[in-house]
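Peer 1:
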Amino acid sequence: MNNLVREPILSLDDVSITYPGAPAPAVRGVTLDVAQGETLGLVGESGSGKSSLAAAIIGLLPDGSQIGGTVRFEGRDLAHMPARTLRALRGTEIATIAQDPFTALNPIMRIGRQLDEFQHWRGDLNRAERRARATDMLAQVGLSDPEVRMTQYPHQMSGGILQRIAIAAALLAEPKLLIADEPTTALDATTEAQILGIMADAKARVRGATVFITHDISVVERLCDRVAVLYAGELVESGTVAQVLEAPKHPYTQALLACDPARIGKPTRSLPTIPGTVPAPDNLPQGCVFAPRCPVAIECCETIRPKLESAGPGRRAACHLVNT
Ligand code: SF4
Numbered sequence: 002m003n004n005l006v007r008e009p010i011l012s013l014d015d016v017s018i019t020y021p022g023a024p025a026p027a028v029r030g031v032t033l034d035v036a037q038g039e040t041l042g043l044v045g046e047s048g049s050g051k052s053s054l055a056a057a058i059i060g061l062l063p064d065g066s067q068i069g070g071t072v073r074f075e076g077r078d079l080a081h082m083p084a085r086t087l088r089a090l091r092g093t094e095i096a097t098i099a100q101d102p103f104t105a106l107n108p109i110m111r112i113g114r115q116l117d118e119f120q121h122w123r124g125d126l127n128r129a130e131r132r133a134r135a136t137d138m139l140a141q142v143g144l145s146d147p148e149v150r151m152t153q154y155p156h157q158m159s160g161g162i163l164q165r166i167a168i169a170a171a172l173l174a175e176p177k178l179l180i181a182d183e184p185t186t187a188l189d190a191t192t193e194a195q196i197l198g199i200m201a202d203a204k205a206r207v208r209g210a211t212v213f214i215t216h217d218i219s220v221v222e223r224l225c226d227r228v229a230v231l232y233a234g235e236l237v238e239s240g241t242v243a244q245v246l247e248a249p250k251h252p253y254t255q256a257l258l259a260c261d262p263a264r265i266g267k268p269t270r271s272l273p274t275i276p277g278t279v280p281a282p283d284n285l286p287q288g289c290v291f292a293p294r295c296p297v298a299i300e301c302c303e304t305i306r307p308k309l310e311s312a313g314p315g316r317r318a319a320c321h322l323v324n325t
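Just add 1 to wherever you are in the sequence shown, counting from 1, and you've got the numbering used here.
#1: So what's PHE119 in DSSP terms, helix, strand or just coil?
#2: How is the beta strand (DSSP E) around GLN164 delimited, first residue to last?
#3: Around the Cβ of ARG150, are there at least 16 other Cβ atoms within 10 angstroms (buried) or fewer (exposed)?
#4: Evaluate GLN1 with the Cβ neighbour count: other Cβ atoms within 10 Å of its Cβ, from every protein chain shown; 16 or more gives buried, anything less gives exposed.
#5: Can you tell me which of the three DSSP states ASN3 falls into?
#6: Just tell me which of ASP34, ILE98, MET200 and PHE103 has its CA closest to the CA of GLY143.
#7: Would the region 159–168 and the region 99–107 be scored as touching if the rule is three or more Cβ pairs under 8 Å?
#8: So for PRO147, helix, strand or coil by DSSP?
#9: On the CB-based measure, 16 or more other CB atoms within 10 Å of its CB, does LEU5 come out buried or exposed?
#10: Measure the Cβ-Cβ separation of ALA292 and LEU41 and say whether it is below 8 Å.
#11: Less than 8 Å between the CB atoms is what I'm expecting for GLU235 and GLY69, so what's the real figure, rounded?
#12: I need the straight-line Cα distance from ILE112 to ARG128, nearest angstrom please.
#13: Distance, Cα to Cα, ILE214 vs ASP182?
#14: What are the boundary residues of the alpha helix (DSSP H) that ASP202 is part of?
#15: Considering just the uninterrupted stretch of the alpha helix (DSSP H) at VAL242, what are its terminal residues?
#16: For GLY124, which option in ASP261, THR93 and THR136 has the closest C-alpha, if you only look at C-alpha atoms?
#17: Which one or two residues does DSSP pair with GLN67 in a beta bridge?
#18: Output needed for HIS251: all residues of its chain with C-beta closer than 6 Å, excluding positions within five of it in sequence on either side, in chain order.
#19: Might you give, ordered along the chain, the residues of its own chain that have their beta carbon closer than 6 Å to the beta carbon of THR192, omitting 5 neighbours on each side?
#20: Residues in the same chain with beta-carbon distance under 6 Å from ALA55, minus the five sequence neighbours each way, listed in chain order, please.
#21: Distance check for THR86 and PRO155, CA to CA, integer angstroms please.
#22: Under the DSSP definition of a beta bridge, which residues are partnered with ASP182?
#23: When the Cα of ILE95 is compared with those of GLU303, ALA170 and CYS260, which residue comes out closest?
#24: Short of 8 Å in beta carbon distance, which residues of its chain neighbour VAL242, apart from the five on each side in sequence? Order them along the chain.
#25: Counting Cβ pairs closer than 8 Å, one from the region 194–212 and one from the region 12–23, do we hit at least three?
#26: I think LEU106 touches ALA167, with their Cβ atoms under 8 Å apart; what is that distance to the nearest whole Å?
#27: Might you give, ordered along the chain, the residues of its own chain that have their beta carbon closer than 7 Å to the beta carbon of ASN3, omitting 5 neighbours on each side?
#28: Taking the alpha-carbon positions, what's the GLN1 to GLY315 distance?
#29: In this structure, how does DSSP classify ASP40 when only helix, strand and coil are distinguished?
#30: Please identify the residue among GLU46, GLN67, VAL28 and THR71 whose C-alpha is closest to the C-alpha of SER53.
#31: CYS301: buried (16+ other C-beta within 10 angstroms of its C-beta) or exposed?
#32: Any idea which residues DSSP pairs TYR232 with across the strands?
#33: Nearest-angstrom Cα distance between GLY277 and LEU33?
#34: Hey, is HIS156 close to the ligand SF4, as in C-beta under 7 Å from one of its heavy atoms?
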């Protein structure tokens, strides 16, 4: 998909995030665009900053968090928008699918009533029409007996069914921007495969763009057009999925791919992991943040932090070795 000719619907410029009371920012200097019609995968290990970025986009960082830079959605700066305005955008123009569907749904309210509330912005429809629309959406995300589901409470359903309902709720908003934060992590492998199939269909119905947050490279490969790789709160590589997964430029991306079960030829009981851990925000190396774990580090990596630079058409990477 050619993203170079399309205007970005979401544009992050030099974004930093500092949690209340934290001694150092958890995310630093992230600049990236998401084009109209595009699905961007934000990938990285736990502690990479990907969920912090998602929370910043949708205004769900803890009170007192500080966001530096700008987060523009159709030109409006979400990072410095009044909370009320941002709340109004959430659930209408911006919809989210969380890792744990229980957090998205009210445990003491029937599904039908909740899906009605997700459509509060459809003042042109009466209650019966909204109910019919919600029931139809439940069928579209693959739920049998959608009428019965409408009468049930969340605790009467499995995680997989609830995640389908959460996806249906997001789609009822007809969002311009859909943020999905590890929506399959809490599910078993069979249910995960089903939900990914539904997500592939769901993203095609989003009017604008989708940001898919995951630690799973195979999810990026299946669902995304472009990928941004985060490490220790910094963007270290970006490009189209084909570019990055077929020929990763950054040693961290290469290490992530080497640990991807789908890329490991023979079945193995113990999956490889990248040796070492992601450094804490207040204990970063002086030079490249990946240097302590990098198998190809050179002398200057310990003292000089690499800039994110062009690594070919449509791609960027932050590594001293990329353009040598
Ligand atoms: Fe490795 Fe150096 Fe590149 Fe960092 S800059 S990823 S340490 S080679």
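Idealized CB from N, CA, C, for every residue including glycine.
Peer 2: Reading from the atomic positions:
#1: Here residue 119 is taken as the residue at index 118 of the sequence shown, counted from 1. Note: PHE119 maps to coil in three-state DSSP.
#2: Residue 164 sits at position 163 when you count from the first residue of the sequence shown. Counting along the chain, GLN164 falls outside any beta strand (DSSP E), though it belongs to the alpha helix (DSSP H) covering 160–173.
#3: In the sequence shown, counting from the first residue as 1, residue 150 sits at position 149. Answer is buried; the Cβ neighbour count reaches 16.
#4: Outside the modelled stretch of the chain, which goes from 2 to 325, sits residue 1, for which no answer is possible.
#5: For this step, residue 3 is matched to residue 2 along the sequence shown. Any reading at ASN3 must be qualified, since the residue scores a pLDDT of 44, below 50, and its modelled position is unreliable; the value itself is stated next. In this structure, ASN3 counts as coil in the three-state DSSP scheme.
#6: Along the sequence shown, one-based indexing puts residue 143 at 142. Closest option to GLY143, Cα to Cα, is MET200.
#7: yes
#8: Reading the sequence shown from its first residue, position 146 is the one you call residue 147. Helix.
#9: Residue 5 sits at position 4 when you count from the first residue of the sequence shown. With a pLDDT of 44 at LEU5, under the threshold of 50, the modelled position of that residue is not reliable, and the figure given next carries that caveat. By the neighbour-count rule (16 or more Cβ atoms within 10 Å), LEU5 is not buried but exposed.
#10: What you label residue 292 is simply residue 291 of the sequence shown in a count that begins at 1. What you label residue 41 is simply residue 40 of the sequence shown in a count that begins at 1. Their beta carbons are not under 8 Å apart, which means ALA292 does not touch LEU41 by this criterion.
#11: On the sequence shown, residue 235 is found 234 positions in, with the first residue counted as 1. On the sequence shown, residue 69 is found 68 positions in, with the first residue counted as 1. The pair is not a contact, with the Cβ atoms about 14 Å apart (cut-off 8 Å).
#12: In the sequence shown, counting from the first residue as 1, residue 112 sits at position 111. In the sequence shown, counting from the first residue as 1, residue 128 sits at position 127. Roughly 14 Å between the two C-alpha positions.
#13: Within the sequence shown, the letter at position 213 stands for residue 214. Within the sequence shown, the letter at position 181 stands for residue 182. Approximately 5 Å between the Cα atoms of the pair.
#14: One-based indexing of the sequence shown puts residue 202 at position 201. First-last of the alpha helix (DSSP H) with ASP202: 190–206.
#15: As a working mapping, residue 242 is identified with position 241 in the sequence shown. Note, VAL242: alpha helix (DSSP H), 242–247.
#16: Translated into the one-based positions of the sequence shown, residue 124 becomes position 123. Minimum Cα distance to GLY124 is reached at THR93.
#17: Taking the sequence shown and counting its residues from 1, one reaches residue 67 at position 66. Looking at the DSSP assignment, GLN67 forms a beta bridge with THR19.
#18: Within the sequence shown, residue 251 is the residue found at index 250, counting from 1. Cβ neighbours of HIS251 beyond the five flanking positions: VAL237, GLU238, ALA318 and CYS320.
#19: Here residue 192 corresponds to residue number 191 of the sequence shown, with the count starting at 1. Around THR192: GLY161.
#20: The count along the sequence shown starts at 1 and reaches residue 55 at position 54. The residues are ILE180, ASP182 and ILE214.
#21: On the sequence shown, position 154 is the one that residue 155 refers to. On the sequence shown, position 85 is the one that residue 86 refers to. Those two C-alpha atoms are separated by around 29 Å.
#22: If you number the sequence shown from 1, residue 182 lands on position 181. Answer by DSSP bridge pairing, in chain order: ILE214.
#23: Your numbering for residue 95 matches position 94 in the sequence shown. Ranking GLU303, ALA170 and CYS260 by Cα distance to ILE95 puts ALA170 first.
#24: Your numbering for residue 242 matches position 241 in the sequence shown. Only GLY42, VAL221, GLU222, CYS225, ASP226, ARG227 and VAL228 meet the Cβ criterion.
#25: no
#26: As a working note, residue 106 is residue 105 in the sequence shown. As a working note, residue 167 is residue 166 in the sequence shown. The Cβ separation is near 7 Å, so the contact holds.
#27: For the purposes of this step, residue 3 is taken as the residue at position 2 of the sequence shown. With a pLDDT of only 44 at ASN3, under 50, the local geometry of the prediction cannot be trusted, and the value read off the model is given with reservation. Here the set comprises nothing.
#28: This structure leaves residue 1 out entirely; the chain is present only between 2 and 325.
#29: Position 39 of the sequence shown, counting from 1, holds the residue named residue 40. Checking the displayed sequence, the identity of residue 40 turns out to be Thr instead of Asp. Correct three-state label for THR40: strand.
#30: Residue mapping note: residue 53 aligns to position 52 of the sequence shown, counting from 1. Selected option, being the one with the closest Cα: VAL28.
#31: Residue numbering aside, residue 301 sits at position 300 when the sequence shown is read from its first letter. Under this definition CYS301 is an exposed residue.
#32: Against the sequence shown, residue 232 aligns to sequence position 231. GLU235.
#33: By one-based count along the sequence shown, residue 277 stands at place 276. By one-based count along the sequence shown, residue 33 stands at place 32. So the alpha carbons of these two residues sit roughly 27 Å apart.
#34: As a position in the sequence shown, residue 156 is number 155, starting the count at 1. Outside the cutoff, so no.
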